[in-house]
Structure formats: C-alpha cells, structure tokens
Amino acid sequence: MNLARRRLQGIFDRLLRAHGPQQWWPGESVFEIMVGAVLTQNTAWRNVARAIDNLRRAEALHPAALLAVHPRRLATYLQPSGYFNVKAKRVRAMTRWLLDAGGTAAITRWPTVRLRAALLAVHGIGPETADDILLYAFNRPVFVIDAYTRRIFSRLGLVSGQEGYETLRAAFEAALPPDAAVYNEYHALIVAHGKDVCRVRPCCETCVLRRGCRYARSGARLSDS
DNA sequence: ACCCAGGGTCATA
DNA sequence: TATGACCATGGG
Numbered sequence: 000m001n002l003a004r005r006r007l008q009g010i011f012d013r014l015l016r017a018h019g020p021q022q023w024w025p026g027e028s029v030f031e032i033m034v035g036a037v038l039t040q041n042t043a044w045r046n047v048a049r050a051i052d053n054l055r056r057a058e059a060l061h062p063a064a065l066l067a068v069h070p071r072r073l074a075t076y077l078q079p080s081g082y083f084n085v086k087a088k089r090v091r092a093m094t095r096w097l098l099d100a101g102g103t104a105a106i107t108r109w110p111t112v113r114l115r116a117a118l119l120a121v122h123g124i125g126p127e128t129a130d131d132i133l134l135y136a137f138n139r140p141v142f143v144i145d146a147y148t149r150r151i152f153s154r155l156g157l158v159s160g161q162e163g164y165e166t167l168r169a170a171f172e173a174a175l176p177p178d179a180a181v182y183n184e185y186h187a188l189i190v191a192h193g194k195d196v197c198r199v200r201p202c203c204e205t206c207v208l209r210r211g212c213r214y215a216r217s218g219a220r221l222s223d224s
C-alpha cells in the first residue's frame, strides 16, 4: 500500500475536473442523511430516493414520526430500496438509538470517537454506514472506504484491495489533512467516477485516471481478482 | 437471462 | 480470520 499525499491530491484534482463538484450528501436534514446512509447499503441511489420520497410524503422523515409508523407499513415505504424488511429494522434501530441518545442536537456535541463507537453498536450500522453518517451528517473528518475506493485505487496499484476497512481508512486519513470538506468531496467523486467510468468492466479510453491504471494498457477487458 | 448497485449480519470452519 | 448465504428492488 502506497498512499502519498501528492498522489492523492493529484487524483482528487483530476476527478474534480472530470466530474465537477458533487455537492454531497443529497438530503435536507441530519436525519434524512442518516436514513439514506442505511437505505443505500448495496443499493443504487435511484431506488433509495424513491423510498425517501415515500417517507417524506408520509411525513415520516423525522425520528419520532418514523417510530410511530407501524413496522409493516414502514417496510412498504422502503420497498423500492430493496431489502425492505431488513432495512425497516435497521432504520428503526438507528432511530430508537438516536432518540435514546437525546436526538441529533445532543450527539452533534459528542467527540468523533465516541459517536463512531455508538453508531457501530447499532444493529445494521457497519463501518461504511457509520462513516457516511459521521462525514456527511455530522461533518467529521472521516474518510469513507467503499467498494469503488478499493476498485479504483487497486487498479492504480496504490492498494491491493484486500486490506481491511480500518487499515484503508487509517491510511487515507494519515496521507491527507483531516479536512471534512475535502473528504466529503473526495468520496463523492470516487462514487461518481465509479458509477460513470471505472465500473466492473473497465472503460479506460475515457478515464482521466488511465495514466497509472493497470487496465489502461494491455488491451484491458479484465476483471478484478 | 444475467449482472450490478454509495453493505451488514449471521452461521460455520 | 475468512468464507458463504441471505436480504430484494430496479436498471442496463
């Protein structure tokens, strides 16, 4: 693993020029962002947006209101986002925890380490979802690792892709200054690039990162291993 | 018809 | 620690 600050900044600059500012996270409140972070687990955002629309129309996009919805009905709201039974439980567990903790106003004042540990203790919130929430809902300088991050940076030869989540997060955070605005834009750009260009089937001709990508040479119709 | 998407939990070895 | 099954919808 070889993450140098200059290299990461160069990649950031190219992604920003290619894709433009991403303005993440889509969502109008802390709670909406938290809900979206759970709903988007292994799910296309298009489908998540439909589920969130359902919650908004039902005026259930607030902690107390959401808990007042019967779990069966909640699952029907979440249906378009897939895994709706699982996600209904997860969203409820997160919301119950949130209210027990005193609401968003209270936990906003918690130090990042405590907040992260508390989030990870909630059923259905794993490392990536916790870090999405920390970064995008609470503006903490936490670098989010996801499948796109692994794919893109392993094709560039900077990571193996086999490292554990914490190992990668620590490496990115050690290489970059702890700036939430930068981490915010960086992860959003990684996702934008992963969706539009650097897919499972590589498209190296139009990729701004093709210089250094191991698929850009050798004809490249490979798959990641 | 198949593959993929802004993961996580649980059981098993 | 590391696999595999499972969750489920919608788009390409």
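For the first sequence, numbering that gives the first Met the number 0 assigns the number 0 to the initial residue and increments by one for each residue that follows. Every residue gets a Cβ at the ideal spot worked out from N, C-alpha and C, and that includes glycine. The structure displayed is predicted, hence computed values, not measured ones.
- Could you work out which residue in Met33, Ser80, Ala48 and Gly193 is closest to Arg154 when comparing CA atoms only? Residue Gly193 is the option with its Cα nearest to Arg154.
- Just to confirm, are Ala215 and Cys206 a CB contact at a threshold of 8 Å? Contact: yes.
- What whole-angstrom Cβ distance do Leu77 and Ala50 have, given they're in contact under 8 Å? Going by Cβ atoms, the distance from Leu77 to Ala50 rounds to 5 Å, so yes, they are a contact pair.
- Exposed or buried, which one is Asp12 when buried takes at least 16 other CB atoms within 10 Å? Exposed, since its Cβ has fewer than 16 Cβ neighbours within 10 Å.
- Message: Along the chain, where does the alpha helix (DSSP H) containing Ser153 start, and where does it finish?
- Response: For Ser153, the uninterrupted alpha helix (DSSP H) run begins and ends at Ala146 to Arg154, by DSSP.
- Count the other C-beta atoms from every protein chain shown that fall within 10 angstroms of the C-beta of Asp52, then say buried if there are 16 or more, exposed otherwise. Exposed is the call here.
- Task: Tell me where the alpha helix (DSSP H) around Pro62 begins and ends.
- Result: Unbroken alpha helix (DSSP H) run through Pro62: Pro62 to Ala67.
- Have a look at Phe152 and Ser80 and give me their C-alpha separation to the nearest angstrom. Using only the alpha carbons, I get a separation of about 28 Å.
- Alpha-carbon to alpha-carbon, Ala116 and Val47: Taking the Cα positions, Val47 is about 26 Å away from Ala116.
- Task: Indicate the three-state DSSP secondary structure (helix, strand or coil) for Cys197 in the structure shown.
- Result: In this structure, Cys197 counts as strand in the three-state DSSP scheme.
- Can the beta-carbon of Leu119 be found closer than 8 Å to that of Ala105? No, these two residues do not count as a Cβ contact at 8 Å.
- Message: I'd like the list of long-range same chain contacts for Pro177, defined as Cβ closer than 6 Å, with 5 residues on each side in sequence excluded.
- Response: Pro140, listed in sequence order.
- Query: So the alpha helix (DSSP H) Asn41 belongs to, where does it begin and stop?
  - Reply: Segment: none, Asn41 is in no alpha helix (DSSP H) and carries neither H nor E.
- In terms of alpha-carbon separation, which member of Leu175, Leu188, Val29 and Asn183 lies closest to Arg4? The candidate whose alpha carbon is nearest that of Arg4 is Leu175.
- Query: For Val158 versus Val90, is the C-beta distance shorter than 8 Å?
  - Reply: Contact flag unset, no.
- Residue environment, Asn183, which counts as buried when at least 16 other CB atoms sit within 10 Å: So Asn183 ends up on the buried side.
- What does a CB cutoff of less than 7 Å around Ala92 pick up in its chain, not counting 5 residues either side in sequence? Val121, His122 and Gly123.
- Supposed close pair Leu2, Ala170 - CB separation, criterion 8 Å: The beta carbons of Leu2 and Ala170 sit about 5 Å from each other, so the pair counts as a contact at 8 Å.
- Query: Going by Cα to Cα distance, which pick from Thr94, Gly163 and Leu167 is closest to Ile132?
  - Reply: Ranking Thr94, Gly163 and Leu167 by Cα distance to Ile132 puts Thr94 first.
- Quick one: give me the first and last residue of the alpha helix (DSSP H) that Met93 is part of. Per DSSP, the unbroken alpha helix (DSSP H) holding Met93 starts and ends at Phe83 to Asp99.
- Message: Check for me: the alpha helix (DSSP H) holding Tyr164 runs from which residue to which?
- Response: First-last of the alpha helix (DSSP H) with Tyr164: Tyr164 to Ala174.
- Task: Could you name the residues of the same chain whose beta carbon sits closer than 6 Å to that of Trp24, not counting the 5 residues immediately before and after it, in chain order?
- Result: If we look at Trp24 and ignore the five residues flanking it on each side, its Cβ neighbours are Ile32 and Tyr135.
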